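Please read the structure below before turning to the comments.
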Amino acid sequence: MSSKKSNIQAFFSALPKNIFSGFVVSLIALPLGLGLAMASEAPPISGIIAAVVGGLMVSILGGSHVTISGPGNGLVGVLLVAITTLGIQGAYAAIICSGALLVLLGFLRMGKLADFFPSSAIQGMLAAIGLIILGKQFHIMLGNKLSLEGSISYLLAIPETIQGVFYYQDTGLTFAAISGVLSLAIMVFYSKIRNQYLQLIPAPMWIVLLSIGFSYYYEMVLQQPNPISAVYMISGIPSANQIIAEIPVPNFSAIGSLSFWTSVLALTLIASIESLLSIKAVDKLDPQKRRSNVNRDLKALGLATVGSGFLGGLNVVTVIARSSVNVNNGGSNRSSNFMHALFLVVFIVLFSTQLTRIPLPALMAILVYTGYKLASPTLVRKIFSVGKEQLLIFFTTLLVTLFVDLITGILAGLIITFIIHVLVNKGAAVFIRNFLKPNVLMFQEKENGNYYVSVKHFCSFLNFYKLKQKLEDVPEDKDVVIDFSMCQFVDHTVMESVSGYQDVFTKRGGHFEVIGLDLHGTDSQHPFALRKLLPGLTKRSGALTKRQLTLQEISKDFSLQYQAEKSEDVRFLDGFKHFSTKQIERIYNRLFNTENTFKLFDINYSEGEFIAKEDVRTTMLHIKLNSVIPGFTLDQEGFLEKVSVFAGFKDIAIEKHSDFSKRFYLRGEDSVAIQRFFTDNLVLFFESNPYYHVESNGTSVLVYSKERIAGVKEIKNLHDFGKRLQTELLVCTQNLG
Amino acid sequence: MASVVFNPGEPVGSILESVNQNGVDLLILGALQRENFLKYYIGSIARKITRKASCSVMLLINPSIERLPCKHIVVNGLEDQKTPATISAAFFVAAALSSEKITIVEEVSSTEIGSVQDDKSLRKSTLLKEKISRREDSRIQKILEEIPQNHKEKKLIATQPIFGKRGYSIGHYAEVVRADLLVMNAPKASGFWDRLFPHDIEHILTELPTDILIVQ
Chain A
549 MSSKKSNIQA
559 FFSALPKNIF
569 SGFVVSLIAL
579 PLGLGLAMAS
589 EAPPISGIIA
599 AVVGGLMVSI
609 LGGSHVTISG
619 PGNGLVGVLL
629 VAITTLGIQG
639 AYAAIICSGA
649 LLVLLGFLRM
659 GKLADFFPSS
669 AIQGMLAAIG
679 LIILGKQFHI
689 MLGNKLSLEG
699 SISYLLAIPE
709 TIQGVFYYQD
719 TGLTFAAISG
729 VLSLAIMVFY
739 SKIRNQYLQL
749 IPAPMWIVLL
759 SIGFSYYYEM
769 VLQQPNPISA
779 VYMISGIPSA
789 NQIIAEIPVP
799 NFSAIGSLSF
809 WTSVLALTLI
819 ASIESLLSIK
829 AVDKLDPQKR
839 RSNVNRDLKA
849 LGLATVGSGF
859 LGGLNVVTVI
869 ARSSVNVNNG
879 GSNRSSNFMH
889 ALFLVVFIVL
899 FSTQLTRIPL
909 PALMAILVYT
919 GYKLASPTLV
929 RKIFSVGKEQ
939 LLIFFTTLLV
949 TLFVDLITGI
959 LAGLIITFII
969 HVLVNKGAAV
979 FIRNFLKPNV
989 LMFQEKENGN
999 YYVSVKHFCS
1009 FLNFYKLKQK
1019 LEDVPEDKDV
1029 VIDFSMCQFV
1039 DHTVMESVSG
1049 YQDVFTKRGG
1059 HFEVIGLDLH
1069 GTDSQHPFAL
1079 RKLLPGLTKR
1089 SGALTKRQLT
1099 LQEISKDFSL
1109 QYQAEKSEDV
1119 RFLDGFKHFS
1129 TKQIERIYNR
1139 LFNTENTFKL
1149 FDINYSEGEF
1159 IAKEDVRTTM
1169 LHIKLNSVIP
1179 GFTLDQEGFL
1189 EKVSVFAGFK
1199 DIAIEKHSDF
1209 SKRFYLRGED
1219 SVAIQRFFTD
1229 NLVLFFESNP
1239 YYHVESNGTS
1249 VLVYSKERIA
1259 GVKEIKNLHD
1269 FGKRLQTELL
1279 VCTQNLG
Chain B
190 MASVVFNPGE
200 PVGSILESVN
210 QNGVDLLILG
220 ALQRENFLKY
230 YIGSIARKIT
240 RKASCSVMLL
250 INPSIERLPC
260 KHIVVNGLED
270 QKTPATISAA
280 FFVAAALSSE
290 KITIVEEVSS
300 TEIGSVQDDK
310 SLRKSTLLKE
320 KISRREDSRI
330 QKILEEIPQN
340 HKEKKLIATQ
350 PIFGKRGYSI
360 GHYAEVVRAD
370 LLVMNAPKAS
380 GFWDRLFPHD
390 IEHILTELPT
400 DILIVQ
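Protein chains in written order, with this note's numbering: chain A, 549 to 1285; chain B, 190 to 405.
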């Protein structure tokens, strides 16, 4: 009873933060919803309907915690085909049927479905979808509406369109193209500029705001018509009343035809794969480290899709970019998904007429960027680094998807992967003989409670679910040893998933070790460069840069050691709030003392996923303490923090130091201990020194100033500050003790 | 008293016949660790006999003229009426071969725990697993009390609960811990379909992890 009560209390105390993040998410969801729907050639509002229905239903019925649901980009290609062959009302019927199938998948506990596809094939399929989106919308972005047969011809026509831009007779078209290019520039450069005021509003919303502002500028100030051609403005956004009055009737007349069921199947397949992959990725970002109930989520998504289809909306899936924005803005439970839907309703009710002021090319620029991200060259390079055969799988899937269709594409990916595996093993015997047999043993060792997992025969996408089933049964804060020494063959898909488990276990305080692959490495007949995939083993090589040489020099002045190479050990950063929603990629250029208690280092980490992904490189200082201090975060009081106060964070006030409380923003769980810990001397120290962000995880402190790599001088300053902070903290802990 | 019996005829049938005629208690057979694909489904001599024999059977996969010490014996602790007899047979063998260690493996079918979906069901299943482990352990301890003291002397006795497929996990476990002998309950009669959809002992017969003694 009391736990229930405290749950409700926790829910309400977290509500303001979730309302805030739901609001930020709705800012992205609005332009994306419109754009994705238009890219599928459905009425623009259908994307918003999907987001609203999805947000409301999945937040109530779903089994995940911080995911956001709405129209997904993976479905654009399939919906396009469905709408052209079946008509929009027939497509609604197909959407409803695919929703019902999703519910069925949920009841059949097919949450493991996504594990049956080789990861390179899935990458290839997603890249193909990206190219389909990019190819089609690129022309609209540059003010050149085309209608061609097949997605390939759109891609081939791109150079022509680019040339054509310079010969437009109609200035309306030129303005349309300019708005498209500018919007694309906003999408590309937004993540490069780290300014807290700019970042308050997500890039897609900037595009919306700027283009609406532009339109009003012409209307109000210049008193001229909008120079962008009227053909290239969003049309057909109904008002709220109209939406309710004109709910389309799905047309089930094609239900007997083959094309109807291929569409339904493709919709279901892509919707489930996209959702399952997103849920998996978002679970890794959840700061509270909860596990999602994927089957329950599938049921909720299916029901929401049925509802959305009946109301004239598209398929509802879990979306990665919006979910990651949700996590980064403090979303902590499903109420943020609910709020994002509510805000969308508010936008439509209040501003539906303003939305017609957005030029189409601007909106399509968002999609072009999305498409590019799905099929970016970095992705291809990454797959190539895993192995040439992965590239073959990737391109087979990609090309078959582009030339034939999605289902054939993914099937081709499956088949080519299997053929490659057979070739690698010089025969299919190991697969045929052992395909149906159990091959995983897991037991908890009596002596130390560690879980030991042994895998026999082979482990590939064909039977990974067996291994996964066992691994799912282990609480993530335990120690796991997984032994592949009895396994003849381990494929890339498995290695990637295993590496994912490694991440999750490390983040949640457990340990996940892979053993028994050394033999595979020395075996020349095993061409999969497997260990490349396990994080932390690639070496940086080449000459040192000037900055590195200087760092090497000053390391001697400070009597520290210097190491330019990437370090494998990032575990000392666990427990810092700053990294709870971020993925650490590498630590390098380390300056450290012999006891390793004082470290200066450059660090690369990323925030968010997919189009909302931002890579951050910065320099930090880590000081290990000998004793325990309360966990806290100390920031300069600024505008953002003022906003966050409304969103439910609490600033801890220090008695008799109102000036300190005014200038600094102090957070932490145990406010009494923190108040006792911040002695007059410590407060004076922070007040009289340059500002740094200081965070403590209880046993060590992390100091940094900006979200970029520090220059040599700044490193010297940081070092100086750190040294003095170290002595100051020593005094404080002695007082405390 | 040793005697040699010579019987002409088809091997499986005639061996089984002489087992019945002479009242054999233990049949020792040599077997390949793994059979080829076709043979597995049609059935090899050693395995056919194992499936049909009315007495205890010992399958040796690496017979050796020089006696290799049998250090570690793994025995099943399934909840079954045959289990106490099997365990006591294992201890008898262990005493005879002066083995150092006996591990009793309690296999618990994963269906008993239910599937893990999220944090809540994970907590539930972890607790349930602990409870079942304790229950299984106390059951085995009761069986162990019945074993004569001189069989238990100077031996390391361990128990290991495993949650997984019955009949499969114990074989894999014996292989992992490099056991020298695996002692199992005799199977119920099995036919062709059991080889297509293997269960219990069939998993082990598919791929013999080590020398194996099947106690009738």
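Yeah, the Cβ is synthetic: ideal placement off N, Cα and C, and Gly gets one too. Nothing here was measured: the structure is a model prediction, and the numbers come from that model.
Proximity below 9 Å, CB of residue i to CB of residue j
i: Ile293 (chain B); j: Asn265 (chain B); result: yes
i: Val1046 (chain A); j: Tyr999 (chain A); result: no
i: Pro773 (chain A); j: Tyr764 (chain A); result: no
i: Gly957 (chain A); j: Thr945 (chain A); result: yes
i: Ile942 (chain A); j: Val928 (chain A); result: Here residue 942 (chain A) is Phe; the residue named in the question, Ile, does not match the sequence. Yes. Within cutoff.
i: Tyr780 (chain A); j: Gly712 (chain A); result: no
i: Met887 (chain A); j: Ile1222 (chain A); result: no
i: Val194 (chain B); j: Asn211 (chain B); result: yes
i: Lys1004 (chain A); j: Asn987 (chain A); result: yes
i: Gly961 (chain A); j: Ile681 (chain A); result: no
i: Ser820 (chain A); j: Ser607 (chain A); result: no
i: Val894 (chain A); j: Gly618 (chain A); result: no
i: Ile914 (chain A); j: Pro752 (chain A); result: yes
i: Glu937 (chain A); j: Gly622 (chain A); result: no
Contacting residues, own chain, Cβ-Cβ under 6 Å from residue i (five flanking each side not counted)
i: Asp1071 (chain A); result: A caution first: Asp1071 (chain A) carries a pLDDT of 33, below 50, which makes its placement in the model unreliable, though a value can still be read off. Once the five neighbours on either side are set aside, Asp1071 (chain A) has no close Cβ partner at all.
i: Phe1194 (chain A); result: Residue placement at Phe1194 (chain A) is flagged as unreliable, the pLDDT there being 49, under the threshold of 50; the coordinate-derived value follows with that caveat. Counting only Cβ-Cβ distances below 6 Å, and skipping sequence neighbours, we find nothing.
i: Gln1073 (chain A); result: Note that Gln1073 (chain A) scores a pLDDT of 32, beneath 50, so its modelled location is shaky; the value from the coordinates is reported in the next line. Once the five neighbours on either side are set aside, Gln1073 (chain A) has no close Cβ partner at all.
i: Ala630 (chain A); result: Ala639, Ala642, Ser811
i: Met689 (chain A); result: Gly728, Pro909, Met912, Ala913, Val916
i: Gly1084 (chain A); result: Its pLDDT being 31, under 50, Gly1084 (chain A) is placed unreliably by the model, and nothing is read from it.
Proximity winner among the options, relative to residue i (alpha-carbon distances)
i: Phe1127 (chain A); options: A:Asn876, A:Pro909, A:Ala778, A:Glu1235; result: A:Asn876
i: Lys318 (chain B); options: B:Leu221, B:Gly353, B:Val372; result: B:Gly353
i: Arg1134 (chain A); options: A:Ile643, A:Asn1144, A:Ser1154; result: A:Ser1154
i: Ala220 (chain B); options: B:Ile321, B:Met247, B:Glu206; result: B:Met247
i: Gly603 (chain A); options: A:Leu892, A:Ala662, A:Thr904; result: A:Leu892
i: Lys1261 (chain A); options: A:Thr853, A:Gln1131, A:Leu1099, A:Glu1157; result: A:Leu1099
i: Leu989 (chain A); options: A:Phe983, A:Leu971, A:Val970, A:Met1034; result: A:Met1034
i: Ile710 (chain A); options: A:Pro564, A:Asn1144, A:Thr722; result: A:Thr722
i: Gly583 (chain A); options: A:Ile963, A:Ala598, A:Ala662, A:Phe1233; result: A:Ala598
i: Glu391 (chain B); options: B:Asp400, B:Ile401, B:Pro376; result: B:Pro376
i: Ser574 (chain A); options: A:Gly1123, A:Glu1217, A:Ser872, A:Asp1150; result: A:Ser872
i: Leu825 (chain A); options: A:Ala814, A:Val842, A:Pro835, A:Lys837; result: A:Val842
Distance between residue j and residue i (C-alpha atoms, nearest Å)
i: Pro1075 (chain A); j: Ser1008 (chain A); result: Per-residue confidence for Pro1075 (chain A) stands at a pLDDT of 31, beneath the threshold of 50, marking its modelled position as unreliable; the derived number appears in the next sentence. Each residue's Cα considered, the two are about 15 Å apart.
i: Leu806 (chain A); j: Leu316 (chain B); result: 49 Å
i: Cys244 (chain B); j: Lys271 (chain B); result: 14 Å
i: Met735 (chain A); j: Glu1157 (chain A); result: 15 Å
i: Gln405 (chain B); j: Glu268 (chain B); result: 16 Å
i: Arg981 (chain A); j: Ser277 (chain B); result: 36 Å
i: Ile336 (chain B); j: Val1176 (chain A); result: 53 Å
i: Leu649 (chain A); j: Val282 (chain B); result: 57 Å
i: Ala558 (chain A); j: Pro564 (chain A); result: 11 Å
i: Leu959 (chain A); j: Asp845 (chain A); result: 26 Å
i: Arg1138 (chain A); j: Ala1112 (chain A); result: 6 Å
i: Leu205 (chain B); j: Val213 (chain B); result: 10 Å
i: His361 (chain B); j: Met605 (chain A); result: 45 Å
Proximal residues to residue i (C-beta, below 8 Å), its chain only, five neighbours per side dropped
i: Leu1266 (chain A); result: Leu1148, Thr1167, Leu1169, Tyr1240, Val1251, Tyr1252, Ser1253, Ala1258
i: Val305 (chain B); result: Leu311, Ser314
i: Ile1063 (chain A); result: Val1029, Ile1030, Asp1031, Phe1032, Ser1033
i: Ser1248 (chain A); result: Phe1120, His1170, Ile1171, Lys1172, Leu1173
i: Thr633 (chain A); result: Ser807, Ser811
Near the ligand MG: residue i beta-carbon under 8 Å from a heavy atom
i: Ser288 (chain B); result: Among the components of this structure there are no ligands whatsoever, and the ligand MG is therefore not found.
Cutoff 7 Å; reference residue i; Cβ partners in own chain excluding five residues on either side
i: Cys1280 (chain A); result: Phe1225, Thr1227, Leu1230
Neighbour list for residue i in chain D, Cβ cutoff strictly below 7 Å
i: Lys1004 (chain A); result: No chain D is present in this structure, whose protein chains are A and B.
By the 9 Å beta-carbon criterion, what residues does the stretch 305–334 of chain B contribute toward chain A? Of all residues in the stretch 305–334 of chain B, Val305, Gln306, Asp307, Asp308, Lys309, Ser310, Leu311, Arg312, Ser314, Thr315, Lys318, Ser322 have a Cβ within less than 9 Å of some Cβ in chain A.
Where the stretch 656–680 of chain A meets chain B: residues whose CB sits under 9 Å from a CB there: Flagged, chain order: Arg657, Gly659.
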